[in-house]
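Numbering (the numbering used here), first residue to last: 1 to 255. Yeah, the Cβ is synthetic: ideal placement off N, Cα and C, and Gly gets one too. Since the model is a prediction, treat every value here as computed from it, not as a measurement. Data first, discussion second: the structure below is written as structure tokens.
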Ligand code: FES
């Protein structure tokens, strides 16, 4: 884990209210694994750092962060320009695991849940795996642009209002792909996880999910990110953010 002070290379609004920031961060990018996150210092007015998933790395020295504007910290970052300084701590947390014997990877990205999965897809493609991405959003203009995805991914799109791809939810089409997949990964809203947890078809195949919760320290010190699991209380920042879906007691999770 490193704390670095760096400069922003670019800040693009990819979808309304969703930004992609690129920063030079060799100390973090070189060792980051898919699923990990960084804690970002958000200027002088906000004391607490904010967690952000590592979206992609490039050339082992550039870090991409994709985020929704959901509060003061992400609003602050959305206003940062090229050349502005950024203070980051990371990489933090555990990561998605890819079994060497697995050939077919199924990824479910609900909305901003695409944030950590792109890095995973990038790594899986690099290892010669076959990757299918189920990409969902509420409406077409909230869909992550497919041209920004790593090449070689098969993408199936759903939107809730039917303005792009198939009308409906990702969880409607998930059962069609479970038999195909060797490993399954998901990131999205709580309601998506709760629905998957009630779909019994996947039970033979564990699903790795990434949890996004409020964090105080990101380092396992404040217990502000504790959640109840079937194996006792866990800290999302230190024991996660990646968990097996079955491990979480979903009725008790508040995000
Ligand atoms: Fe402080 Fe996890 S955020 S313990």
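Specify the secondary structure class of residue i as computed by DSSP and reduced to three states.
| i | result |
| --- | --- |
| residue 141 | helix |
| residue 119 | helix |
| residue 49 | coil |
| residue 256 | It is not possible to answer for residue 256, since the shown part of the chain is limited to 1 through 255. |
| residue 44 | coil |
| residue 146 | helix |
| residue 32 | coil |
| residue 193 | helix |
| residue 125 | helix |
Please confirm whether residue i and residue j have their CB atoms less than 8 Å apart.
| i | j | result |
| --- | --- | --- |
| residue 92 | residue 154 | no |
| residue 86 | residue 118 | no |
| residue 130 | residue 167 | no |
| residue 245 | residue 207 | yes |
| residue 133 | residue 173 | no |
| residue 159 | residue 137 | yes |
| residue 95 | residue 34 | yes |
| residue 54 | residue 63 | yes |
| residue 90 | residue 178 | no |
| residue 121 | residue 98 | no |
| residue 14 | residue 145 | yes |
| residue 243 | residue 196 | no |
| residue 75 | residue 67 | no |
| residue 4 | residue 88 | yes |
CA-CA distance, residue i and residue j?
| i | j | result |
| --- | --- | --- |
| residue 1 | residue 142 | 33 Å |
| residue 220 | residue 237 | 6 Å |
| residue 215 | residue 233 | 15 Å |
| residue 48 | residue 41 | 7 Å |
| residue 60 | residue 30 | 5 Å |
| residue 38 | residue 65 | 9 Å |
| residue 241 | residue 212 | 7 Å |
| residue 116 | residue 226 | 21 Å |
| residue 8 | residue 58 | 14 Å |
| residue 163 | residue 156 | 14 Å |
| residue 198 | residue 247 | 13 Å |
| residue 139 | residue 111 | 10 Å |
| residue 17 | residue 114 | 15 Å |
| residue 186 | residue 84 | 33 Å |
Rounded C-beta distance between residue i and residue j? I'm assuming under 8 Å.
| i | j | result |
| --- | --- | --- |
| residue 265 | residue 72 | In the structure as shown, the chain begins at 1 and stops at 255. Residue 265 is therefore absent and cannot be evaluated. |
| residue 224 | residue 109 | At roughly 26 Å, the Cβ-Cβ gap does not stay under 8 Å, so residue 224 and residue 109 are not in contact. |
Requested in this report: Would you be able to state if there are at least three C-beta pairs under 8 Å between the segment 21 to 31 and the segment 94 to 112?
Outcome: no
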